[in-house]
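Protein chains in written order, with this note's numbering: chain A, 86 to 366; chain B, 2 to 319. Note that beta-carbon positions come from the ideal geometry of N, C-alpha and C, so glycine has one too. A quick note: this is a predicted structure, and the numbers were derived from the prediction, not measured.
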């Protein structure tokens, strides 16, 4: 990105542009900030001064105390973590293997398999819910985290294979040929390729992670038991129950918001380059 | 021709034929293809098959399109289905008319690389990474007249009459939910448009600048025509996402998609038909039929995109 084309706007257009962007940034972030700030205030101030920051007299952790005493939040959090990490590991492993085969070898079914795997990019897995539930009942996986891990892996494979295949094609041939001449096995060559596509693996991680962490549908259907609830399902059930305890509700919302925002800030570069195909770095 | 070359080099063919089966290719592909087929493709196909069956004397029996007939024609099913479909169209249109144009506007502003663009980009994308459940609940609180946030914002502007329970009124619930969804998801079209915009070569901008073109002319003459393919992709993604939506409405309005089904869309209807609610028992066969209708709608949308949009694109390029 050279600076040749910039700035294209005259001063007044620039000011107008900033005004629009500032306005929309406030619109995008204020609702979330409002929730977080109010979760630290006593009930009276939440209602009388919703926009005030907590001070010495109004600061309280009551909501978080209610939460700690009445819900299995740490367990839900752990469930979400296990499901997300497990699915991401499987998505990255099996998709990178498939992408390696599709990009490296010419064989009869190559194009057809590539197309077959891409169908899932556009057709939502949710439409197979009835079949998935029957399958999981048959495999005795209902109310286990494995049911969720398998579903999210299947959901993540199409896009991951698609993105990784195009990156794998960019890995120089010479490198792999040299390794072959040195007697490396095909599996070893796959292993050598992985570090070379690290940015693509990061992008796939970032894009796949958010829908898995945030999903409500499959936890609700496949793993609604108290021991397998994810944080989103747990929060959703909790919010329904404590609808009038504003302190607790705001605290629950804050706990569900903060980890994702922290992850987002850490991974935002990979996420952006993953969605935009590396156009913005 | 292939024939002659084969017969002229018999030894080569023999060697080729004896080449061992490429097990490594199968090993690399098997896990992904297996998981994808068993957990995604097979369930979708088995759901479709289930939608052609129904309970008859305690066991499932093939009934052809009877479930679909019931879904489209019987009193019990048809009215909710058409209601959900109509609501879903409204939900989609609001996204197309608000989310994508505003997303485009934000992307264009960011593409001019104003100071602090990266910070704006991060802030604007934040709602997109939050859980829909959390978003829904947060907005439910903010729009709840009992809290008074709404009143405190509207009164100084002289707009007290707008202080209403937007999510509780049958006329406003669906548009309000659509706008909440727009608010959350606007980051995706914004990023996709921005990615297309920054790929436009600088020379085009430079030429425009030499001609003395302003921001608007640059947008209309250079940016818009060059990002048309992205407009198509964004529309398809919006379509598929909207006709598959569920979480926001379920978490703010419950499975009944209140008030009085005013915000019912295909996703919530699917959930209720499959699992049942209150007095209506769940029915996997009819649930599968609703999923079949959703699949048909999504495939129809994809087809329109492939045929109409792609053809127009090639004409534009010619």
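8 Å CB neighbourhood of residue i in its chain, flanking five on each side removed
{"i": "residue 31(A)", "result": "In the structure as shown, chain A starts at 86 and stops at 366, and residue 31(A) therefore has no counterpart that could be examined."}
{"i": "residue 312(B)", "result": "none"}
{"i": "residue 342(A)", "result": "117, 120, 121"}
{"i": "residue 269(A)", "result": "277"}
{"i": "residue 131(A)", "result": "123, 331, 332, 335"}
{"i": "residue 218(B)", "result": "209"}
{"i": "residue 174(B)", "result": "167, 168, 254, 259, 260, 263, 264"}
{"i": "residue 264(A)", "result": "273, 274, 277"}
Other residues of its chain near residue i: CB distance less than 6 Å, five sequence neighbours each side excluded
{"i": "residue 147(A)", "result": "332"}
{"i": "residue 48(B)", "result": "289, 292"}
{"i": "residue 102(A)", "result": "none"}
{"i": "residue 182(B)", "result": "249"}
{"i": "residue 295(B)", "result": "267"}
{"i": "residue 291(A)", "result": "352, 355, 356, 359"}
{"i": "residue 202(A)", "result": "243, 246"}
{"i": "residue 90(A)", "result": "Any reading at residue 90(A) needs caution, since the residue's pLDDT is 46, under 50, leaving its predicted position unreliable; the model's value is listed next. No residues qualify anywhere along the chain."}
Per-residue burial, residue i [other beta carbons within 10 Å of its own, 16 or more giving buried]
{"i": "residue 265(B)", "result": "buried"}
{"i": "residue 196(B)", "result": "buried"}
{"i": "residue 156(B)", "result": "exposed"}
{"i": "residue 6(B)", "result": "For residue 6(B), the predicted structure reports a pLDDT of 45, less than 50, and the residue's modelled location is therefore unreliable. A value from the coordinates is still provided. Counting Cβ neighbours within 10 Å, residue 6(B) comes out exposed, since fewer than 16 surround it."}
{"i": "residue 302(A)", "result": "buried"}
{"i": "residue 319(B)", "result": "Model confidence at residue 319(B) stands at a pLDDT of 49, short of 50, so the residue's coordinates are unreliable; what they give is reported in the following sentence. Result: exposed."}
{"i": "residue 22(B)", "result": "exposed"}
{"i": "residue 248(B)", "result": "buried"}
{"i": "residue 241(B)", "result": "buried"}
{"i": "residue 162(B)", "result": "exposed"}
{"i": "residue 111(B)", "result": "buried"}
{"i": "residue 108(A)", "result": "exposed"}
{"i": "residue 275(A)", "result": "buried"}
{"i": "residue 141(A)", "result": "exposed"}
{"i": "residue 100(B)", "result": "buried"}
{"i": "residue 2(B)", "result": "Any answer about residue 2(B) is weak, because its pLDDT of 41 lies below 50 and its placement is not dependable; what the coordinates show is given next. It is exposed - the Cβ of residue 2(B) has fewer than 16 other Cβ atoms within 10 Å."}
{"i": "residue 24(B)", "result": "exposed"}
{"i": "residue 15(B)", "result": "Model confidence at residue 15(B) stands at a pLDDT of 49, short of 50, so the residue's coordinates are unreliable and nothing is read from them."}
{"i": "residue 100(A)", "result": "exposed"}
{"i": "residue 329(A)", "result": "exposed"}
Under 7 Å from the C-beta of residue i: neighbouring residues of chain B
{"i": "residue 114(A)", "result": "124, 127"}
{"i": "residue 94(A)", "result": "113, 216"}
{"i": "residue 105(A)", "result": "110"}
{"i": "residue 288(A)", "result": "Simply none; closest approach about 12 Å."}
Proximal residues of chain B, C-beta to C-beta of residue i below 8 Å
{"i": "residue 185(A)", "result": "29"}
{"i": "residue 135(A)", "result": "148, 149, 150, 153"}
{"i": "residue 266(A)", "result": "What residue 266(A) touches in chain B: nothing, since even the nearest Cβ is about 17 Å away."}
Closer than 7 Å at the beta carbon, the chain A residues around residue i
{"i": "residue 96(B)", "result": "Correct list: empty, because the minimum Cβ distance to chain A is about 16 Å."}
{"i": "residue 328(B)", "result": "The question about residue 328(B) has no answer here: the residues shown for chain B are numbered 2 through 319."}
{"i": "residue 289(B)", "result": "215"}
Same chain, Cβ closer than 7 Å to residue i, five either side skipped, listed in chain order
{"i": "residue 226(A)", "result": "232"}
{"i": "residue 231(B)", "result": "193, 194, 197"}
{"i": "residue 127(B)", "result": "none"}
{"i": "residue 104(B)", "result": "187, 190, 191, 194"}
{"i": "residue 143(A)", "result": "126, 127, 130"}
{"i": "residue 88(A)", "result": "Any reading at residue 88(A) must be qualified, since the residue scores a pLDDT of 44, below 50, and its modelled position is unreliable; the value itself is stated next. For residue 88(A), where only same-chain residues beyond five positions count, there are no Cβ hits under 7 Å."}
{"i": "residue 220(B)", "result": "109"}
Near the ligand GDP: residue i beta-carbon under 8 Å from a heavy atom
{"i": "residue 38(B)", "result": "Questions concerning the ligand GDP fall outside what the structure shown contains, since it holds no ligand whatsoever."}
Proximal chain B residues relative to residue i, where beta-carbon distance stays under 9 Å
{"i": "residue 192(A)", "result": "23, 26"}
{"i": "residue 262(A)", "result": "Within chain B, no residue comes near residue 262(A); the closest Cβ sits about 16 Å away, beyond 9 Å."}
Within chain A, partners of residue i - CB distance below 9 Å
{"i": "residue 299(B)", "result": "207, 208, 209, 212"}
### Task
Scan the region 239-256 of chain A for residues whose Cβ lies nearer than 8 Å to a Cβ of chain B and list them as they occur along the chain.
239, 240, 242, 243, 246
#### Entry: the region 277-293 of chain A in contact with the region 74-88 of chain B per 3-pair CB rule at 8 Å
no
### Message
With three or more beta-carbon pairs closer than 8 Å as the criterion, would you say the region 167-175 of chain B touches the region 28-37 of chain B?
### Response
no
### Contact between the region 274-290 of chain B and the region 186-204 of chain A (3+ Cβ pairs under 8 Å)
no
### Task
Closer than 9 Å, Cβ to Cβ, to anything on chain A: give me those residues from the region 240-251 of chain B, in chain order.
241, 242, 244, 245, 247, 248, 251
### Query
Below 8 Å, can you find three or more Cβ-Cβ pairs linking the region 217-233 of chain A to the region 154-169 of chain A?
yes
### Message
Whether or not the region 245-254 of chain A and the region 310-326 of chain A are in contact is what I'm after, with contact meaning three or more pairs of Cβ atoms, one per stretch, closer than 8 Å; do they touch?
### Response
no
### Task
Examine the Cβ distances between the region 345-360 of chain A and the region 118-135 of chain B and report whether three or more of them are shorter than 8 Å.
yes
### Task
May I ask you to verify whether the region 45-65 of chain B touches the region 250-268 of chain A, counting CB pairs closer than 8 Å and requiring at least 3?
no
### Task
Check distances from the C-beta atoms of the region 253-287 of chain B to those of chain A and list, in chain order, the residues that come in under 9 Å.
255, 268, 271, 272, 275, 276, 285, 286
### Message
Closer than 8 Å is the cut-off here; do at least three beta carbon pairs connect the region 84-98 of chain B with the region 255-265 of chain B?
### Response
yes
### Query
the region 29-43 of chain B: which residues have C-beta closer than 9 Å to a C-beta of chain A, in chain order?
29, 30, 31, 32, 33, 34, 35, 36, 37, 38, 39, 40, 41, 42, 43
#### Entry: Near-chain B residues of the region 197-210 of chain A - C-beta to any C-beta below 9 Å
198, 201, 202, 204, 205, 207, 208, 209, 210
### Message
Please list, in chain order, the residues of the region 117-147 of chain A that have any C-beta partner in chain B closer than 8 Å.
### Response
117, 119, 120, 131, 132, 135, 136
### Task
Name, going along the chain, the residues of the region 45-56 of chain B whose beta-carbon falls closer than 7 Å to a beta-carbon of chain A.
45, 47, 48, 51
### Task
Select from the region 196-221 of chain B all residues with a C-beta closer than 7 Å to any C-beta belonging to chain A, and list them in chain order.
196, 199, 200, 203, 206, 207, 210, 216, 219
#### Entry: chain B contacts from the region 290-304 of chain A (Cβ-Cβ distance under 7 Å)
295, 299, 301, 302
### Query
Which residues, in chain order, does the region 59-81 of chain B contribute to contact with chain A at a C-beta distance below 8 Å?
none
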